[in-house]
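Numbered per the working numbering, the sequence shown finishes at 402, counting up by one with no gaps.
A short write-up of the structure that comes next.
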Amino acid sequence: MFPKEFRYSPKNLKDLLTEMKDTSELMVDLAYSAMIYDDEDVAEEVLNLEDKMDTLDYQIKMAAMLSTRRVDEAEGLLGVLQVAACSENIANAAGDIAKIVLMNMGIPMELKVALREAEETIVRATVAAESSMAGRTLGDLELDIETGMWIIAIRRNEDWIYDPDKETRLRQGDVLIARGHDEGVTLFFEMATTRKFVPKEIEHNKILKDLEHAVDIIVDMKNMSELSVGLAYSAILFDNEDIAYEVSALESEMDSMKYELQHWVLETAKHFEDVNMLRGILHLASASEAISDAAYGIADTVLRDIELHPIITLAVRNSEEVITRLQVEKCSPIVGKTFFELKLETETGLHVMAIKRADRWVYAPKGNTIVQAGDMLIARGSRIGEGALIEMCECKLNQ
Numbered sequence: 004m005f006p007k008e009f010r011y012s013p014k015n016l017k018d019l020l021t022e023m024k025d026t027s028e029l030m031v032d033l034a035y036s037a038m039i040y041d042d043e044d045v046a047e048e049v050l051n052l053e054d055k056m057d058t059l060d061y062q063i064k065m066a067a068m069l070s071t072r073r074v075d076e077a078e079g080l081l082g083v084l085q086v087a088a089c090s091e092n093i094a095n096a097a098g099d100i101a102k103i104v105l106m107n108m109g110i111p112m113e114l115k116v117a118l119r120e121a122e123e124t125i126v127r128a129t130v131a132a133e134s135s136m137a138g139r140t141l142g143d144l145e146l147d148i149e150t151g152m153w154i155i156a157i158r159r160n161e162d163w164i165y166d167p168d169k170e171t172r173l174r175q176g177d178v179l180i181a182r183g184h185d186e187g188v189t190l191f192f193e194m195a196t197t198r199k200f201v202p203k204e205i206e207h208n209k210i211l212k213d214l215e216h217a218v219d220i221i222v223d224m225k226n227m228s229e230l231s232v233g234l235a236y237s238a239i240l241f242d243n244e245d246i247a248y249e250v251s252a253l254e255s256e257m258d259s260m261k262y263e264l265q266h267w268v269l270e271t272a273k274h275f276e277d278v279n280m281l282r283g284i285l286h287l288a289s290a291s292e293a294i295s296d297a298a299y300g301i302a303d304t305v306l307r308d309i310e311l312h313p314i315i316t317l318a319v320r321n322s323e324e325v326i327t328r329l330q331v332e333k334c335s336p337i338v339g340k341t342f343f344e345l346k347l348e349t350e351t352g353l354h355v356m357a358i359k360r361a362d363r364w365v366y367a368p369k370g371n372t373i374v375q376a377g378d379m380l381i382a383r384g385s386r387i388g389e390g391a392l393i394e395m396c397e398c399k400l401n402q
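So this is what it looks like as structure tokens:
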């Protein structure tokens with residue numbers, strides 16, 4: 004196989020960085036989807052996107068070098084190049100996850116089922132002829148608000164549509180891959196297929212019980228790696244050291260979890276005639292830990308007080324997935340309610356990553372977390388969802 008030849012073409016640094024962020028995050032979602040559903044076509048697309056990331060990495064380095072003439076200008080772009088390199092590392096980790104499918108590494112069914120029930124899950128559904136989605140655009144449907152799910156890719160016959168926009172019109176037979184909170188899975192699936200969603204059940208036996216702890220660790224590692232990336236981008240967007248330190252703490256915890264997982268897998272191996280299944284688990288753990296490492300690299304620009312070029316914040320803000328923060332006022336109707344009662348993810352499509360409460364942080368808030376006056380919510384999702392969250396939280400005027 005011959006090395007890929009790169010050709011330079013003039014592009015805007017901000018646009019390149021935004022595209023790298025969006026592409027790397029899309030690759031992670033598609034890679035997990037490929038693994039959960041044993042889809043080699045999706046896995047191949049992840050590797051195709053990895054080639055695209057290589058080209059973008061080359062382009063952004065060239066653009067950075069050509070845009071500097073003085074030492075201070077070069078120093079100003081250090082942070083840009085570090086964030087770009089970390090996006091490339093996230094993409095490489097996604098490629099490693101996709102290879103679990105392409106190299107036929109075994110993944111236990113209970114792990115696939117558990118990953119579908121993670122904090123942010125991935126679901127696949129085919130649009131039925133009688134579905135209310137057929138013939139309508141994503142802008143009309145506003146699925147992120149209606150179901151809490153966000154379509155990240157569409158397979159139409161043999162073609163793929165990545166990051167579809169509000170003008171994309173759905174057709175009968177389209178295979179939709181969506182990401183969102185697990186509460187929205189049933190709504191989304193039934194809306195697309197017109198069939199009742201029936202979660203897959205697995206039979207538990209002695210071997211699966213021995214592996215249950217390893218499965219729990221993997222699911223936690225997936226959740227934590229995705230949280231790390233979201234918090235890392237939040238840290239640079241808001242230039243916040245507190246959030247950056249939390250990313251560092253999560254990275255250390257991920258290391259410990261990987262070592263613990265290795266121990267459990269080795270303990271369990273004696274029950275398996277075919278240990279190929281365990282190779283996939285170890286490979287997935289390493290890839291998840293690599294994503295966390297890359298997130299720490301992004302947050303490191305804040306911790307080491309590297310000058311944050313305005314291009315970085317513009318690129319993050321212009322991304323397909325926006326990050327927003329919102330102060331909860333005393334008069335807000337959500338004060339005193341739990342996240343379970345509010346169903347913020349389902350109602351807005353935004354995932355609340357963290358809450359700043361007085362001088363402390365609450366990360367990955369649970370369903371029983373009660374919203375308090377003065378809370379600062381940091382969430383990620385679509386622009387439409389951002390507007391829905393603001394409307395949901397704003398104080399109501401007396402009639």
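Glycine included, every Cβ here is placed at the ideal spot set by N, Cα and C.
| request: Express the C-alpha separation of K55 and N15 in angstroms, rounding to a whole number. | output: C-alpha separation (whole angstroms): 16 Å.
| message | Can you look up G370 in the DSSP assignment and give me helix, strand or coil? | response | Coil at G370, not helix or strand.
| field | Rounded straight-line distance, which links the Cα of V365 to that of I337 | value | As the crow flies, the alpha-carbon of I337 is around 17 Å from that of V365.
| Which whole runs of the beta strand (DSSP E) in the region 64-126 are 3 residues long or more, in chain order? | If one requires a minimum length of 3 residues, no beta strand (DSSP E) run lies completely within the region 64-126.
| Which residues DSSP lists as bridging R307, in chain order | None, per the DSSP bridge assignment.
| said: What does the Cβ neighbour count give for Q175, buried or exposed, with the cut at 16 atoms within 10 Å? | reply: Exposed, because fewer than 16 other Cβ atoms sit within 10 Å of the Cβ of Q175.
| Taking just the CA atoms, how far does T150 sit from T129? | Taking the straight line from one Cα to the other gives about 16 Å.
| task | Within 10 angstroms of the Cβ of F343, are there 16 or more other Cβ atoms? Answer buried if so, exposed if not. | result | By the neighbour-count rule (16 or more Cβ atoms within 10 Å), F343 is not buried but exposed.
| task | Can you give me the start and stop residues for the alpha helix (DSSP H) that K261 sits inside? | result | Per DSSP, K261 belongs to the alpha helix (DSSP H) from 244-271.
| field | Element boundaries [beta strand (DSSP E), containing G183] | value | Taken as a continuous stretch (DSSP letters only), the beta strand (DSSP E) holding G183 covers 178-184.
| message | Could you compute how far the alpha carbon of A302 sits from the alpha carbon of P368? | response | Using only the alpha carbons, I get a separation of about 21 Å.
| query | Just the Cα atoms here: how many angstroms apart are V331 and G352? | reply | About 18 Å.
| field | Proximity to L306 [Cα-Cα], best of A132, R72, V250, G377 | value | That would be V250, whose Cα lies nearest to the Cα of L306.
| field | R386 - DSSP class collapsed to helix/strand/coil | value | DSSP places R386 in helix when its eight states are reduced to three.
| For N15 and chain D, any beta-carbon pair shorter than 8 Å? | Of the chains in the structure shown, none is chain D; there is only one protein chain.
| task | Using the Cα positions of E270 and Q375, report the straight-line distance between them to the nearest angstrom. | result | Looking at the two C-alpha atoms, the distance is approximately 45 Å.
| With DSSP run on the structure shown, which of helix, strand or coil describes Q62? | Secondary structure of Q62 (DSSP, three-state): helix.
| task | Use the C-beta contact count for L392: other C-beta atoms within 10 angstroms, 16 or more gives buried, fewer gives exposed. | result | Under this definition L392 is a buried residue.
| message | Measuring only the C-alpha atoms, how far is I210 from D57? | response | Interpretation of I210 is limited by its pLDDT of 46, a score under 50 that renders its predicted location unreliable; no figure is taken from the coordinates.
| message | So for F5, helix, strand or coil by DSSP? | response | Since pLDDT at F5 reaches only 49, below the 50 mark, its modelled position is unreliable, and the value read off the structure follows with that caveat. Correct three-state label for F5: coil.
| field | Residue from Y61, E394, I387, I358 whose Cα sits closest to the Cα of D380 | value | Note that residue 380 is Leu in the sequence shown, not Asp. L380 has its Cα closest to that of I358, out of Y61, E394, I387, I358.
| request: Just grab the DSSP bridge partners of I326 for me. | output: In the DSSP output, where bridge partners are listed per residue, I326 has R383.
| query | DSSP three-state call for V319: helix, strand or coil? | reply | In this structure, V319 counts as helix in the three-state DSSP scheme.
| request: Might you give, ordered along the chain, the residues of its own chain that have their beta carbon closer than 6 Å to the beta carbon of I373, omitting 5 neighbours on each side? | output: Cβ neighbours of I373 beyond the five flanking positions: T341.
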